[in-house]
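Accompanying notes for the structure given below.
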Amino acid sequence: MNKIGLFFGTETGTTRLIAKKIHKLLGDDNAAKPVNVNRTTPEEFLRYEALILGIPSYGDGALPGRSVNCIEANWEEFLQQLNETDLSGKRIALFGLGAQERYADTFASSMMPLYRALKDYGAEMVGDWSIEGYQFKHSASVENGRFVGLVIDQRTQGMLTDERLKAWVGQIKPALVIVQPDG
Ligand SMILES: Cc1cc2nc3c(=O)[nH]c(=O)nc-3n(C[C@H](O)[C@H](O)[C@H](O)COP(=O)(O)O)c2cc1C
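Take 1 as the starting number for the sequence shown in UniProt numbering and just add one per residue.
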């Protein structure tokens, strides 16, 4: 499967909205339509060599899902289904949703457990992002001074979303789009 797979978890729809924007930026030729992880299977997910995954934050360093009182199944449940499948050879970029004013101590922190798990399963992680321009006290999703993926805050900085998405998609596209050999 040469298209980029686009999957997201969501509780209230914001991460779906951002996934749709990313799909639009990449175009139908490059990216598959975004799919909710609670409506897919590991088989479908594993068809892709390159993936962009979206995750909202619910709590400090926890995956969103039933354990943190989400109503919808989310990444927690999907990772359980994935069951430590070998992801060697896959390239994955993450984007995470959060709210820096209300959750300054746990800002966008759910991205980290997903990042760690996928890396542990052998995936090559791409798409880290500067922490500049955000105001927060702590985020579990910072490694070596950078977010491990793009962070979007629709609540406090929605006006910056489109330019952030454009810059990030431009950054990750060369790593994720597989160029077809001629003929
Ligand atoms: C109960 C609850 C807990 C939350 N916890 C966090 C958090 O710890 N860190 C954070 O950055 N945002 C937190 N948020 C904000 C959400 O991550 C943010 O609103 C996100 O856009 C929701 O995405 P969704 O609509 O795809 O579910 C929380 C929101 C709710 C309602």
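Note that beta-carbon positions come from the ideal geometry of N, C-alpha and C, so glycine has one too.
- Per DSSP, reduced to three states, the secondary structure at Phe45 is helical.
- Under the three-state reduction of DSSP, Val35 is assigned to strand.
- Selection Val151, Val35, Glu143, Gly122 evaluated against Gln135 yields Val151 as nearest (Cα-Cα).
- Looking from the CA of Phe8, the closest CA among Glu77, Gly59, Leu160, Gly61 belongs to Glu77.
- Within the DSSP secondary-structure output, Met125 pairs in a beta bridge with Ile92.
- Relative to the Cα of Tyr115, the nearest Cα in the group Val68, Gly54, Asn83 belongs to Gly54.
- Per DSSP, reduced to three states, the secondary structure at Arg66 is helical.
- Annotated as proximal: Val169 and Leu25, with beta-carbon spacing under 7 Å.
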